[in-house]
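Shown next, in structure tokens, is the structure this report addresses.
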Amino acid sequence: MKHDLIKFPLHIIVHPFDGFWDLKYEGKGKARVALLIVLLMVLTVIVQKQYAGFLVNFVDPRALNSMDDLVYTVIAFLLFCIANWSVTTLMEGEGKFKEIVMATGYALLPLVLINLPMTFLSRIMTQEETPFYYLMNFLAAIWFIFLLFVGNMTVHQYTAAKTVFTLMLTVIAMGFIVFLWSLAFSLGMQIYWFIYDVYRELVFRT
Amino acid sequence: MNRSKALVLSLIVFLFAASAEAPVARAAAPYEAYTYDFYEDAVPLPAPFLPDRAIAGSDLGVGEFNQPNDIFVTDDGMIYILDSGNARVIVLNSDWSVVRVIRTFAANNGKEDGFANPVGLFVSADKEIYIADTDHHRVVVLSDDGKLVKIVENPQSDILPKDFDFSPLKVAADQAGRLYVVARGVYEGIMQFAEKDGFMGYVGTIKVSPSPWDRLWRALSTKAQKQQMQLFVPTEFASIDIDSKGFVYATTLDINSDETIKRLNPTGEDVIKRFGYYPNKGDIRYRRLGNNSGPSRLVDIKVLDGGMYVALDSLRARLFTYNDEGELLYAFGGRGTQIGVFNTPVAVERLGDSLAVLDRGKNNIVVFKPTKFGSLVNRATAEHFAGNDAQAVVLWKEVLKLNTNYDMAYLGIGKSLLMEKHNEEAMQYFKLGMERKYYSTAFKRYRREVMQKYFGPFMTGLILLIAGFAAFRIVRKVQMRRTRSHEARFD
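Read top to bottom, the protein sequences are chains R and F.
Its first residue numbered 168, the first sequence is counted upward by one per residue in the working numbering.
Its first residue numbered 774, the second sequence is counted upward by one per residue in the working numbering.
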């Protein structure tokens, strides 16, 4: 338990090549833990928007909505996983969907570990110290991207160049999925309203 | 039964009478006053000014105005109206009674001379009337009783082209007798004339900075194409005013600029403060296309007391009042036919506490009286400007009773609290006023206070903790060794 929840996640973020290898071939990672990290990420986003110090918090409190944060974070995560799976399946990637979810989930850990405490530290910062806050957030983001890169490379057994290429394709694929989904949604709604109108017409005629 | 009915009835009548005694509800303003908050949303305000009366030419007994273009009010309340269509200057007392009407003046050669479509008017501290006599291409200076003092025309200088057409639009003069003229078709800046030597040069030249895209486009085009292109000329000034210290306030009609209001020091540099959340250029939220779109066209500016100034937007017919830091205090006004909204407002002046707006379209002047809210804001701003923060706080607290959404009031109280070293309270107020810079200062001081207060106990605690931990480790080590040696003995 302690190994799954604490030791392995911490190991993977400091020794990514090693860790992701273990994740893929030694069966060390747990999808549950990866999803837990995603939930922690949601918590981080919510807490950051709500409790970051006044000097670094430019969020309009009238626009705060934790449900939105939850939905958008989870959707973005799933969207990335699905897009990545779609792209890599076509491009001879060896990763299974579960492995992609795990790798992406574990890669989010630095964002949680750095941003969550920084949120509270930002409350005791003056204006001159806020660059430190932004620097730490920036480092967390860089670390996350690096982990995502290594995770993808290991899980799919790609070369570095191919990983960069597939990651870029993944972003494009995410755009496609959003586009197709909204297209399907709008067509679906049209069909729904058409049927509903026919129904209503029939109801009022008789 | 009947008696109790009568009692109730009389009670009701009495209540009505009591409520009628103090009429709380005044006529609603025909416009909505607002200011912008930190998120650049327009926030409604109680009306800072309400229209008091409209004055037309017939009310003054001088016949209707015809396209009046400018108005000026001196410090002692004398009102001068430039009635351009009728080519006359109407001089009024502070109680709006006509003193004289100047149509003509005796020129130097003894002949009667008049004005042709004059646009601008200014009255100096020693009551000399400056008239921008536009279609006669000259500035006429008259004494208070309408006698000619001098005429400024046909400026000569190496920097002016030979066939220069001098069409003055707006004038102002400082105490030293220097004359500032905004002229038609002059893009170089405000023309400055010395009392005796004539044209001195330009002040407040607007820098032109073409965008990178424009630069690229120019670099790629041929010479012939370049000649076809629009020149990158700065825009004209629209109005000028002079404050008591001799600083020139001016507005320009540059739609691409965030710096349409300028305050020029004697060397011609723009020294206005722009410390607000957003540029002091009138409206910051407006439609980009269609009706009523585009940034404000600030056609007039007037300096008020306490570092405040009011700018008049002719596009949406609104008045914007700023404090000396360039923060919007309130905006109000609009287009329409009721009293208090305008057709074509062209000039704004100050009448004591009130404001007078000259409407060229309606041929009248509307006087706006400050409401309780407006005068409290004005007084508080002036007190803060004068450095009397203690008085300002009392007034800002009154303002907050009338409008709890007023960032400026929180800011004012916060600044004063900061001055008095009430840092923790100041933090609260700066947070409410969304002012991060001052909040940071207050917080820094507050943090230091807390650290100084708790440094002793904190360090004691820390040292005790470390010592305790070390002792624990040593004890454990000793115990371990002892058990090991015991085990060794038993072996």
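Quick reminder that beta carbons are idealized off the backbone N, C-alpha and C, glycines included.
query: Between the segment 1210 to 1223 of chain F and chain R, which residues of the former have CB atoms less than 9 Å from a CB of the latter, in chain order?; result: Lys1210, Tyr1212, Ser1213, Thr1214, Phe1216, Lys1217, Arg1220
query: Check for me: the beta strand (DSSP E) holding F/Gly858 runs from which residue to which?; result: First-last for F/Gly858: undefined, no H or E at that position.
query: Determine, using beta-carbon pairs with one atom in the segment 1174 to 1184 of chain F and one in the segment 1197 to 1207 of chain F, whether at least three such pairs fall under 8 Å.; result: yes
query: Against F/Tyr812, what residues of chain R qualify as contacts under a CB-to-CB distance less than 7 Å, listed in chain order?; result: Asp227
query: Check the DSSP bridge columns for F/Tyr807 and list the partner residues they point to.; result: F/Pro817, F/Ala1104
query: Can you pull the chain F neighbours of R/Leu222, defined as C-beta to C-beta under 9 Å?; result: Arg1209, Tyr1212, Ser1213, Phe1216
query: Pairing CB atoms from the segment 818 to 831 of chain F with CB atoms from the segment 1055 to 1074 of chain F, are three or more of them under 8 Å?; result: no
query: Under 7 Å Cβ to Cβ from R/Phe391, same chain only, skipping five residues before and after it: list those, please.; result: Any question about residue 391 of chain R goes unanswered here, given that chain R covers just 168 to 373.
query: Restricting to Cα atoms, I'd like to know which of R/Val254, R/Tyr239, R/Ala327 is closest to R/Ile339.; result: R/Val254
query: Is there a C-beta anywhere in chain F that falls below 8 Å from the one on R/Thr286?; result: no
query: Can you tell me which of F/Thr1025, F/Trp990, F/Ser831 puts its alpha carbon nearest to the alpha carbon of F/Glu961?; result: F/Thr1025
query: Could you name the residues of the segment 265 to 294 of chain R whose beta carbon sits closer than 7 Å to any beta carbon of chain F, in the order they occur along the chain?; result: Ile291, Thr293, Gln294
query: For the segment 305 to 313 of chain R and the segment 239 to 247 of chain R, state whether three or more C-beta atom pairs, one from each stretch, are separated by less than 8 Å.; result: no
query: Pull up the distance between the alpha-carbon of R/Phe225 and that of R/Asp236, whole angstroms please.; result: 16 Å
query: Are the segment 908 to 923 of chain F and the segment 874 to 883 of chain F in contact at 8 Å, needing three or more beta carbon pairs?; result: yes
query: Can you name, in chain order, every residue of its own chain whose Cβ lies under 7 Å from the Cβ of R/Ala219, other than the five neighbours on each side?; result: Thr286, Ser289
query: Please list, in chain order, all residues of the same chain as R/Lys191 whose beta carbon is under 7 Å from its beta carbon, the five residues on each side excluded.; result: Glu266, Thr321, Val322
query: If you draw a straight line from the C-alpha of F/Tyr812 to the C-alpha of F/Ala946, how long is it?; result: 40 Å
query: What does a CB cutoff of less than 6 Å around F/His909 pick up in its chain, not counting 5 residues either side in sequence?; result: Ala889
query: Any idea what DSSP makes of F/Ser1127, helix, strand or coil?; result: strand
query: Given a cut-off of 8 Å on the beta-carbon distance, is the pair F/Val1139 and F/Ala827 in contact?; result: yes
query: For F/Ile1236, does the count of other Cβ atoms within 10 angstroms reach 16, so buried, or fall short, so exposed?; result: exposed
query: Give me whichever residues DSSP pairs with F/Thr877 in a beta bridge.; result: F/Gly887
query: Can you pull the chain R residues whose beta carbon is under 9 Å from the beta carbon of F/Lys1204, in chain order?; result: Phe221
query: Might you give, ordered along the chain, the residues of its own chain that have their beta carbon closer than 6 Å to the beta carbon of F/Thr1008, omitting 5 neighbours on each side?; result: Thr1025, Leu1026, Asp1027
query: Pull up the CB-CB distance for F/Gly1099 and F/Ile1045, whole angstroms please, since I reckon it's below 8 Å.; result: 6 Å
query: Just checking, does the segment 1115 to 1135 of chain F make contact with the segment 1074 to 1091 of chain F on the three C-beta pairs under 8 Å criterion?; result: yes
query: Kindly list the residues whose CB is nearer than 7 Å to the CB of F/Ala798, restricted to its own chain and excluding five residues on each side of it in sequence; keep chain order.; result: Because F/Ala798 sits at a pLDDT of 43, beneath the cut-off of 50, its placement in the model cannot be relied upon, and the point is left open.
query: Taking only the alpha-carbon atoms, compute the straight-line gap between R/Val279 and R/Leu207 and give it to the nearest angstrom.; result: 7 Å
query: Quick check: what's the CA-CA separation for R/Thr337 versus R/Cys248?; result: 9 Å
query: Any idea which residues DSSP pairs F/Ser1069 with across the strands?; result: F/Ser1069 is not bridged to any residue.
query: Using the beta-carbon count (16 or more within 10 Å), is F/Asn1178 buried or exposed?; result: exposed
query: If F/Pro934 sits next to F/Val912, beta carbons under 8 Å apart, how far is it from one beta carbon to the other, in whole angstroms?; result: Incorrect: roughly 19 Å between the Cβ atoms, too far for contact.
query: Buried or exposed: F/Gly1109, going by 16 or more other Cβ atoms within 10 Å of its Cβ?; result: exposed
query: CA-CA distance, F/Pro1039 and F/Glu837?; result: 40 Å
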